[in-house]
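Peer 1: Numbering (the numbering used here), first residue to last: 54 to 1130. All C-beta atoms in this analysis are idealised placements derived from N, C-alpha and C, irrespective of residue type, glycine included.
#1: Taking the alpha helix (DSSP H) that residue 610 falls in, what are its first and last residues?
#2: Work out the CA separation of residue 465 and residue 314 for me, nearest whole Å.
#3: How would you write the range of the alpha helix (DSSP H) that residue 1093 sits in, first residue to last?
#4: DSSP state of residue 560, grouped into three classes?
#5: Kindly indicate the opening and closing residues of the alpha helix (DSSP H) around residue 212.
#6: Using beta-carbon positions only, say whether residue 528 and residue 563 come within less than 9 Å of one another.
#7: What residues match up with residue 187 in a beta bridge as DSSP calls it?
#8: By the 10 Å Cβ neighbour count, where 16 or more other Cβ atoms means buried, how is residue 164 classified, buried or exposed?
#9: Pick out whichever of 323, 846 and 1063 has its Cα sitting closest to the Cα of residue 867.
#10: If you check the beta carbons only, do residue 312 and residue 896 fall under 9 Å apart?
#11: Going by DSSP in three states, residue 317 sits in which element: helix, strand or coil?
#12: From the beta carbon of residue 860, is the nearest beta carbon of chain B less than 9 Å away?
#13: Just curious, the alpha helix (DSSP H) that residue 671 is in, first and last residue?
#14: Would you check if the stretch 127 to 139 and the stretch 1088 to 1097 touch, i.e. whether three or more CB-CB distances between them fall below 8 Å?
#15: Just to confirm before moving on: does the CB-CB distance between residue 1082 and residue 1048 stay below 9 Å?
#16: Under the DSSP definition of a beta bridge, which residues are partnered with residue 1007?
#17: Excluding the 5 residues preceding and the 5 following residue 40 in the sequence, name in chain order all residues of the same chain whose CB lies nearer than 8 Å to its CB.
#18: Determine the extent of the alpha helix (DSSP H) in which residue 129 is found, giving its start and end residues.
#19: In the DSSP output, what is residue 1085 paired with across the bridge?
#20: Taking its Cβ as the centre, do 16 or more other Cβ atoms sit within 10 Å of residue 554, making it buried, or is it exposed?
#21: Which of helix, strand or coil does DSSP assign to residue 505?
#22: Going by DSSP in three states, residue 756 sits in which element: helix, strand or coil?
#23: Which same chain residues end up closer than 6 Å to residue 222 when comparing Cβ atoms and leaving out the 5 residues on each side of it in sequence?
#24: Using only the alpha-carbon positions, how far apart do residue 200 and residue 99 sit?
#25: Between residue 91 and residue 150, what straight-line distance do the alpha-carbon atoms span, to the nearest angstrom?
#26: Just curious, the beta strand (DSSP E) that residue 572 is in, first and last residue?
#27: If you drop the 5 nearest sequence neighbours on each side, which residues of the same chain put their C-beta closer than 7 Å to that of residue 788?
#28: Does residue 1125 pass the burial test, meaning 16 or more other C-beta atoms within 10 Å, or should it be called exposed?
#29: In whole angstroms, what is the alpha-carbon distance linking residue 799 and residue 808?
#30: Out of 1097, 103, 1020 and 463, which one is the CA nearest neighbour of residue 729?
#31: At the level of alpha carbons, what is the spacing between residue 531 and residue 625?
#32: Excluding the 5 residues flanking residue 794 on each side, which residues of the same chain have their C-beta closer than 7 Å to its C-beta?
#33: Considering only the beta carbon of each residue, do residue 1169 and residue 535 sit closer than 9 Å?
#34: Can you tell which of 956, 102, 104 and 114 has the C-alpha that lies nearest to the C-alpha of residue 1108?
#35: Under the three-state reduction of DSSP, which class applies to residue 544: helix, strand or coil?
#36: Just the C-alpha distance for residue 63 and residue 1121, rounded to the nearest angstrom, thanks.
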């Protein structure tokens, strides 16, 4: 190390400044970096600052700074312009004014009294350096940019700066004075992002952003999948409820189709039956005609004799008929005259009766007029008593409307009750299944508990106490490990039991230490029970990766690590990973046993299992040799019965949910029934109200109609009076005229009686003449009577057969026409279509069988009542929706799997390098704190491994041996402790840094001298290594007798009205004076 007076680099900065009183003072240090070899700058990395030129910028009129490639100490009194150099670096590299925490407008950084100012920065770049010039105008607060002497845009400058890995907005690279206190305030997440950008590979931050984007989309897809799956399940449940109705609908449709087909075939069978019957009748008719012809030929002679007698009798009979007709005519005329005479008698009686009726009618009319007038008076009185009643029709309409609404509500409630009953039945069945499954798990758990009770009664008693008092604990508390560990394969239980001692298998596991102390105080101290308890590590180790992947060990017969053979709660698994390294203990087979000599030579293996043995490997610290011990694997006693606690918990939750749902359904059904009862009561009230209104309306109308009718009747009766005296005179005149007519009728009657007697005697003589001929005819007819009977029978038979034939022919035509109409055939078609013929062939061929089958099908179809085609349409529509949802769910699930694969790949690319980077930072950070007799560590913190936007870097420090490590925050540590922590974290990044330079402004303010000296030593030692980048350390003061390095560049800022002018500054004299001191 070089002393203060030993000069390893000459630095000069020139500045001209006008003071407030008009005097001019000058100060400066000039740096002359040397080019070596082929012109490359010695020690400078890509993007390092070679030169800073400031013109009318803050406190400077004109100043040029030449920093060195390693540590640059910028020293000067307060107000001389040290931070102005920091501002020039930030603004000259396209940084925002918000980074500096001073003025928010860039024009405020121009020296007061000037219209414009400029900053020019030269950056080292292989091939050709990059010169950035920014000219700031106060008037419009705008900047003019130039790159290598050419006009450019701010965006182009930002891209060039970004290409050189310069990040002035990153506090891990650029920490101005006003932002020093904010470093401890930034969150762990922000610190991780800043560290990634500062020291991570270029793609690390991109991978992190990609992971966060993937995770966001993954959550969105998971939510979409859950929604789709939920909707799909609901649709399936609804269709499952309607499936039975749909099946019944199609079953009924099949019966109806069969009925239609039977009804189509029945006319054809009837037609065929009638046609066959017609053919039989035709044959019978022909046979009867032949027999009739034979009988007629045998009776011909006798019939001729009978015909001759008939020819003789016919004239006589005609004469007798004529006599008979004349006698009948005379008798008829006598009868007519007698009837005429009787009618005249009756006419006289009628005339008398009519007069009597008129008398009676007139008396009755007078009586009815009196009664009608009395009834009209009574009806008017009743109508007056009824009073003035307004029209009740609107009230009846209101009642009808409310009744319709009640009926609709009742129908809706009936549908809801049916849905609730079906849902309750489904939940009841599901609950029974879940309880059966839980009962089987409880039986397995009871076996394990019994084994625990036999082996450790105290532990069993403590388990019973814990189950009743879990509410006393704030964190997770787990029963003994042997009860919560579930071995996936019972054959592997022996490895777990051999690796974990029984004292830990019967130990309770606590998430929080205070819960464990409370438990032990109660159980061990108060109840005197001998139990074991442990608490899980604060940072979960459950997912800690093994030292090497299992795939690299499979060639030795290893198939899994011990952690992969069983399931356990996270805290239990974390304890076992931390205490017994179950994540790093491989389990092998007989192949492993055969290769054991090769296996024990593998690094990182400390404990391993073959099929039947356990091997422990220890490496001597002194000789480096490995010693091996092995023991037989004991059979499992406690973990063979595997009970998945998570499955049991889920079953209990599902049972509780189902029971609550059934209770809710019962409550809904009761509420629905009560609502229905209220509706019934209201409906009855409305019916009574409607009836009363209707009766009231009808009664008034009836009274008015009765009065009107009675008044009309009264008017008619009063107009219809009879004159009895006139009627009596007319009656006497009519009787006298009728008696005169009776005398003439009696004379005509006597003449007709004489004529009838003469004709009767002539007829008697003719009758005696026909008796002889009739006797002969009778004898002949008796001879052929037998043949005539047979002939009549045959004639009747032929006539009947002819009639039957005609009826059957019409019947066949009608049946054929009906069969064609039913089958939709043309009138000329007589052959059944092929499709119907095929269907008819599978049906019965007789009418009896068809009728029986029709009755059976109709009876079955009538059994299916209450079915609607809308249910089938809704079922089919929902089936299509289910198919669409299933396809959408498959697509989303595939997309989700793709995102998870992308996440897994991106996580692998990001997390492992990040862990290595944080480990390197932690090593440096811990070493720095250790060198200061303090403690500090840096770790990667995440509450959830899958929440990539929650990852962060946690800094924990301890400055006193009596305290614990505490996270670095803005409130817990003092200002000096925060400064030390910040500085050492930045130093830990220095050697890993891929950025070309780092700036830290006055971070040592507030440190005590001891810590400041220690920090300064670390800064010098770290920043002056050849592998590190450029470093700017700004401070207003330095302690005496500090250790310096040859690679340092010290820039002393002498700027201000009371400073020594530059031309009077003698560096050599100053150095000599310092050497003498």
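Peer 2: Let's see:
#1: For the purposes of this step, residue 610 is taken as the residue at position 557 of the chain shown. Unbroken run through residue 610: none, as it is neither H nor E.
#2: Working through the chain shown from its first residue, we reach residue 314 at position 261. Working through the chain shown from its first residue, we reach residue 465 at position 412. About 39 Å.
#3: As a working mapping, residue 1093 is identified with position 1040 in the chain shown. Element bounds for residue 1093: n/a, residue is neither H nor E.
#4: One-based indexing of the chain shown puts residue 560 at position 507. Strand.
#5: As a working note, residue 212 is residue 159 in the chain shown. Run containing residue 212: 207 to 216, per the alpha helix (DSSP H) assignment.
#6: Against the chain shown, residue 528 aligns to sequence position 475. Against the chain shown, residue 563 aligns to sequence position 510. Contact flag set, yes.
#7: By one-based count along the chain shown, residue 187 stands at place 134. Looking at the DSSP assignment, residue 187 forms a beta bridge with 172 and 198.
#8: Numbered from its first residue, the chain shown carries residue 164 at position 111. Buried.
#9: Locating residue 867 in the chain shown gives position 814, where the first residue counts as 1. Nearest C-alpha to residue 867: 323.
#10: Residue numbering aside, residue 312 sits at position 259 when the chain shown is read from its first letter. Residue numbering aside, residue 896 sits at position 843 when the chain shown is read from its first letter. Judged by beta-carbon spacing, residue 896 lies beyond the 9 Å limit of residue 312, meaning their Cβ atoms are not closer than that value.
#11: Translated into positions along the chain shown, residue 317 becomes position 264. Three-state DSSP puts residue 317 in a helix.
#12: In the displayed structure, chain B is absent; only one protein chain is listed.
#13: Translated into the one-based positions of the chain shown, residue 671 becomes position 618. Note, residue 671: premise wrong, no alpha helix (DSSP H); beta strand (DSSP E) at 666 to 672.
#14: yes
#15: Residue numbering aside, residue 1082 sits at position 1029 when the chain shown is read from its first letter. Residue numbering aside, residue 1048 sits at position 995 when the chain shown is read from its first letter. A contact, by the Cβ cut-off of 9 Å.
#16: Taking the first residue of the chain shown as position 1, residue 1007 is located at position 954. Per DSSP, 992.
#17: Within the shown structure, residues of the chain are numbered from 54 to 1130, placing residue 40 beyond reach of any answer.
#18: Reading the chain shown from its first residue, position 76 is the one you call residue 129. Unbroken run through residue 129 is the beta strand (DSSP E), 124 to 129; no alpha helix (DSSP H).
#19: Here the question's residue 1085 lines up with position 1032 in the chain shown. Residue 1085 is bridged to 125 and 1052.
#20: In the chain shown, counting from the first residue as 1, residue 554 sits at position 501. Counting Cβ neighbours within 10 Å, residue 554 comes out exposed, since fewer than 16 surround it.
#21: Taking the chain shown and counting its residues from 1, one reaches residue 505 at position 452. In the structure shown, residue 505 sits in a helix (DSSP, three-state: H, G or I).
#22: Stepping through the chain shown from its first residue, residue 756 is reached at position 703. Helix, per DSSP.
#23: Along the chain shown, one-based indexing puts residue 222 at 169. Answer for residue 222: 152, listed in chain order.
#24: As a working mapping, residue 200 is identified with position 147 in the chain shown. As a working mapping, residue 99 is identified with position 46 in the chain shown. Between residue 200 and residue 99, the C-alpha separation is close to 17 Å.
#25: Within the chain shown, residue 91 is the residue found at index 38, counting from 1. Within the chain shown, residue 150 is the residue found at index 97, counting from 1. Model confidence at residue 91 stands at a pLDDT of 40, short of 50, so the residue's coordinates are unreliable and nothing is read from them.
#26: Start at 1 with the first residue of the chain shown, and residue 572 comes out as number 519. Careful: residue 572 lies outside any beta strand (DSSP E), inside the alpha helix (DSSP H) at 566 to 573.
#27: The residue you call residue 788 lines up with position 735 of the chain shown. Taken in chain order, the residues that qualify are 401 and 404.
#28: The sequence position of residue 1125 within the chain shown is 1072, counting from 1. Counting Cβ neighbours within 10 Å, residue 1125 comes out exposed, since fewer than 16 surround it.
#29: Residue numbering aside, residue 799 sits at position 746 when the chain shown is read from its first letter. Residue numbering aside, residue 808 sits at position 755 when the chain shown is read from its first letter. Taking the straight line from one Cα to the other gives about 15 Å.
#30: Walking along the chain shown from the start, residue 729 turns up at place 676. Taking only the C-alpha atoms, the option nearest residue 729 is 463.
#31: Residue numbering aside, residue 531 sits at position 478 when the chain shown is read from its first letter. Residue numbering aside, residue 625 sits at position 572 when the chain shown is read from its first letter. Straight-line Cα distance between these residues: approximately 8 Å.
#32: If you number the chain shown from 1, residue 794 lands on position 741. Closer than 7 Å at the Cβ level, and outside the excluded window around residue 794, lie 397.
#33: As displayed, the chain neither begins before 54 nor continues past 1130, which places residue 1169 out of reach and without an answer.
#34: Counted from its first residue, the chain shown places residue 1108 at position 1055. The residue with the shortest Cα to Cα distance from residue 1108 is 114.
#35: By one-based count along the chain shown, residue 544 stands at place 491. Helix at residue 544.
#36: Sequence index remark: in the chain shown, residue 63 carries index 10 (1-based). Sequence index remark: in the chain shown, residue 1121 carries index 1068 (1-based). Unreliable placement is indicated for residue 63, whose pLDDT of 39 sits below 50; the coordinate value is still reported in the next sentence. Going from the Cα of residue 63 to the Cα of residue 1121 covers about 11 Å.
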